[in-house]
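Participant:
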Amino acid sequence: MQDTSKQYDAVIDECRSLFIKKMSDYGSAWRILRLPSLTDQIFIKAQRIRQLQENEVRKVDEDEKSEFIGIINYSIMALIQLENGVVANPDLTTEQATVLYDKHSKITKELMLNKNHDYGEAWRDMRVSSLTDLILQKLLRVKQIEDNKGKTIVSEGIDANYQDMINYAVFAMIHLEE
């Protein structure tokens, strides 16, 4: 499990680096996005990955990896929005956003380590396509919860679903690197 922790950190470091660069380019314009908009952005990324996995011909020269990075970063943005709410105007500096990014990636990694312990690293025997399907399933769940105004009867909340999507995307990226 030591390898998993190091591999996880390497993936998050790569995603974090891109997040910081985009913050430098665009600022925190994403702070105006409502949760359904972020969910839809993640959905587009996951759908594109599925199409890349199913289609033999690619018309745009991008791979699955960049889309998984997008899923991770948009999911962390969504967790930040859940915690801090949506704003009318960008309100975070790069440094402030990075602190929040680090907070949520750390919490999500802790969840992964706990689940990974209980599941015995079962994800290592999964296919990237299965991880993609699980992300899509989580997205459909989130959309339903959003349609229900955030209310659930017995199910975990939106935050847990975003965290699972992050972890599935990290696992997929680890698989793609191996």
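Per full-length UniProt numbering, the very first residue in the sequence shown carries number 1; after that it's consecutive. C-beta atoms are modelled at their ideal positions from N, C-alpha and C, and glycine is treated no differently. Computed from a predicted structure; not experimentally measured.
Check whether the Cβ atoms of Leu79 and Asp159 sit closer than 8 angstroms, and answer yes or no.
Facilitator: For the purposes of this step, residue 79 is taken as residue 79 along the sequence shown, with counting starting at 1. For the purposes of this step, residue 159 is taken as residue 159 along the sequence shown, with counting starting at 1. Yes. Within cutoff.
Participant: Where does Lys6 fall in DSSP's three states?
Facilitator: Indexing the sequence shown from 1 puts residue 6 at position 6. In this structure, Lys6 counts as helix in the three-state DSSP scheme.
Participant: Reducing DSSP to helix, strand and coil, say where residue 201 ends up.
Facilitator: Look at the range of the chain in this structure, 1 to 178, and you will see that residue 201 is not part of it.
Participant: Relative to the C-alpha of Leu111, which residue among Tyr162, Leu176, Val86 is closest?
Facilitator: For the purposes of this step, residue 111 is identified with residue 111 of the sequence shown, where counting begins at 1. Answer by Cα proximity: Tyr162.
Participant: Which of the three DSSP states is assigned to Ile153 in this structure?
Facilitator: What you label residue 153 is simply residue 153 of the sequence shown in a count that begins at 1. If DSSP states are grouped into helix, strand and coil, Ile153 belongs with coil.
Participant: Anyone know if the C-beta pair for Ser28 and Ala97 falls short of 8 angstroms?
Facilitator: Here residue 28 refers to the residue found at position 28 of the sequence shown. Here residue 97 refers to the residue found at position 97 of the sequence shown. The answer is yes: Cβ separation under 8 angstroms.
Participant: For Ser28, which three-state DSSP category applies?
Facilitator: Looking up residue 28 in the sequence shown gives position 28. Three-state DSSP puts Ser28 in coil, outside helix and strand.
Participant: Pairs of beta-carbons, one from the region 123 to 140 and one from the region 16 to 30, closer than 8 angstroms: are there three or more?
Facilitator: Counting Cβ pairs under 8 angstroms, fewer than three are found: no touch.
Participant: Answer yes if the region 39 to 55 comes into contact with the region 67 to 79, meaning at least three C-beta pairs across the two stretches below 8 angstroms, and no otherwise.
Facilitator: In short, these stretches touch, since the Cβ pair count reaches three.
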